[in-house]
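Right, here's the structure in full:
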């Protein structure tokens, strides 16, 4: 399994994570998720690799999250994943998938957990 970074180049945290990976000698596959959004199967796989509920992938600070009612308690995980697939701006970035699992790297230092 290779390294993948779901990246937004306009995000400072995402740029920092990319730089950290490169400094460690890792050239990840960079997915510009706003241009090439992950599909529902990829989002399910990311959720599973995170070992956390789908809410971990949800960018709750994004106003659309509240507009869609995704910030309410008890929202179905599948509904969250479908919303992220339909509105990739809802993906909590950056997300790194690696041979050691996946992490939402917020703050950026979280990526070091994957570097071992």
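Numbering (our numbering), first residue to last: 24 to 139. Note that the Cβ used here is the ideal one computed from N, Cα and C, for glycine as well.
Practice problem: Would you mind reading off the limits of the alpha helix (DSSP H) that contains residue 102? | Solution: Taking the chain shown and counting its residues from 1, the one referred to as residue 102 is at position 79. Looking at the DSSP string, the run of the alpha helix (DSSP H) that includes residue 102 is 100-109.
Quiz item: Among 132, 111 and 44, which one has its Cα closest to the Cα of residue 58?
Solution: Walking along the chain shown from the start, residue 58 turns up at place 35. Comparing Cα positions, the closest option is 111.
Exercise. Report back the beta-carbon spacing between residue 100 and residue 76 to the nearest angstrom; my notes put them in contact at under 8 angstroms.
Key: Residue 100 sits at position 77 when you count from the first residue of the chain shown. Residue 76 sits at position 53 when you count from the first residue of the chain shown. Confirmed, about 6 angstroms.
Practice problem: In the DSSP assignment, find the beta strand (DSSP E) that holds residue 27 and state where it starts and stops. | Solution: For this step, residue 27 is matched to residue 4 along the chain shown. It spans 27-30 - the beta strand (DSSP E) in which residue 27 sits, taken as one unbroken run.
Exercise. In angstroms with no decimal places, state the Cα-to-Cα distance between residue 54 and residue 72.
Key: Within the chain shown, numbered from 1, the residue matching residue 54 stands at position 31. Within the chain shown, numbered from 1, the residue matching residue 72 stands at position 49. Between residue 54 and residue 72, the C-alpha separation is close to 17 angstroms.
Practice problem: Using three-state DSSP, classify residue 66 as helix, strand or coil. | Solution: Taking the first residue of the chain shown as position 1, residue 66 is located at position 43. Residue 66 falls in the helix class under three-state DSSP.
Self-check item: C-alpha distance - residue 56 paired with residue 119, whole-angstrom precision
Solution: Locating residue 56 in the chain shown gives position 33, where the first residue counts as 1. Locating residue 119 in the chain shown gives position 96, where the first residue counts as 1. Residue 56 and residue 119: Cα-Cα distance of roughly 12 angstroms.
Quiz item: Can you give the Cα-Cα distance for residue 90 and residue 83, rounded to whole angstroms?
Solution: If you number the chain shown from 1, residue 90 lands on position 67. If you number the chain shown from 1, residue 83 lands on position 60. Approximately 11 angstroms, taken between the alpha carbons.
Self-check item: Beta-carbon proximity list for residue 39, same chain, < 7 angstroms, skipping 5 on both sides
Solution: Position 16 of the chain shown, counted from the first residue, corresponds to residue 39. Closer than 7 angstroms at the Cβ level, and outside the excluded window around residue 39, lie 131.
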